[in-house]
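Below you'll find the structure, written out as structure tokens, and then a few comments.
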Amino acid sequence: MNQNFDEIISRRNTHSIKWNTSPDILPMWIADMDFKTAPKIIEALQNRVAHGIFGYTETPDEFYNSIIKWWKNKHGLSLEKEWIVPITGVIPALSAAMLSLAEKGDTVLIQPPVYNHFYSTITNCGFEIAENNLIYNNGIYTIDFEDLERKAADPKAKLLIISNPHNPVGRVWTKEELLHIALICKKHHVIVLSDEIHSDLVFFFPS
Ligand SMILES: Cc1ncc(COP(=O)(O)O)c(C=O)c1O
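Take the sequence shown: its letter number 91 is residue 97 in the working numbering, and every next letter is one higher.
As structure tokens, this is what we get:
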């Protein structure tokens, strides 16, 4: 089914956080698309609403199978059904993971400049933030591995949240960079939470 990505749809006066701003501002600060949702998704939602009863539901195998198929076809990754936990969003998932893996007073490492909600989510969960700032050089951001090693070695450091592709710097971490992160974190018993919400925006696999 074709989708018209050129159609301009006004979202003003729809309680949109993004568009509730003065008319001379073009809001580009939030990952909130202005394309219409895919027709198949709208159709499925309309059919569901038309049924008219919204009681407790099971999660059918179709749900898991479509996720497994997507990751296999798009990213060559084989997922097991048991690894998938349905949740309402990335931030609630990060909160749940942090609360189950760390204790109050523990430190969570992040790699700024990074998605601002990582900060509030970590502090709202009662954890401390340690910043492993990215290095900006000649128009490209890279990871400061020496600093990461130093901060991961702190016994209070329990978790590292990585963003891949990284919001906002746009880097897709290479296999070597990911292996380097894994090596450091394994050595210091730091668990990596990998936020890959933007992974479908990758047009090639980095070498
Ligand atoms: C890296 C990253 N993680 C998480 C989110 C938010 O995800 P959710 O709305 O599912 O909590 C965003 C939204 O911009 C994001 O850029």
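Backbone N, C-alpha and C fix where the C-beta goes; we use that ideal spot for every residue, glycine too.
Does the Cβ of residue i have 16 or more other Cβ atoms within 10 Å, making it buried, or fewer, making it exposed?
i: Val-91; result: exposed
i: Met-39; result: exposed
i: Phe-209; result: exposed
i: Ser-16; result: exposed
i: Met-104; result: buried
i: His-21; result: exposed
i: Ser-169; result: buried
i: Phe-69; result: exposed
How many angstroms separate the CA atom of residue i from the CA atom of residue j?
i: Lys-222; j: Ile-73; result: Given a span of 7 to 213 for the chain in the structure shown, any question on residue 222 remains unanswerable.
i: Ala-44; j: Gln-52; result: 12 Å
i: Lys-162; j: Ser-106; result: 16 Å
i: Lys-75; j: Leu-185; result: 26 Å
i: Val-96; j: Asp-201; result: 8 Å
i: Val-198; j: Glu-134; result: 16 Å
i: Ile-167; j: Trp-77; result: 21 Å
Examine ligand 1 and report whether any of its heavy atoms sits within less than 7 Å of the Cβ of residue i.
i: Ser-28; result: no
i: Val-175; result: no
i: Asp-201; result: yes
i: Ser-169; result: yes
i: His-204; result: yes
From the DSSP output, in three-state form, read off residue i for me.
i: Leu-83; result: coil
i: Asn-19; result: coil
i: Ile-187; result: helix
Restricting to Cα atoms, I'd like to know which of the options is closest to residue i.
i: Ile-23; options: Ala-37, Ile-97, Glu-13; result: Ala-37
i: Asp-160; options: Lys-193, Leu-85, Leu-140, Lys-42; result: Lys-193
i: Ala-102; options: Ile-203, Trp-77, Ile-128; result: Ile-128
i: Arg-156; options: Ile-187, Cys-131, Pro-171, Lys-181; result: Ile-187
i: Asn-130; options: Tyr-142, Asn-79, Asp-112, Phe-41; result: Asp-112
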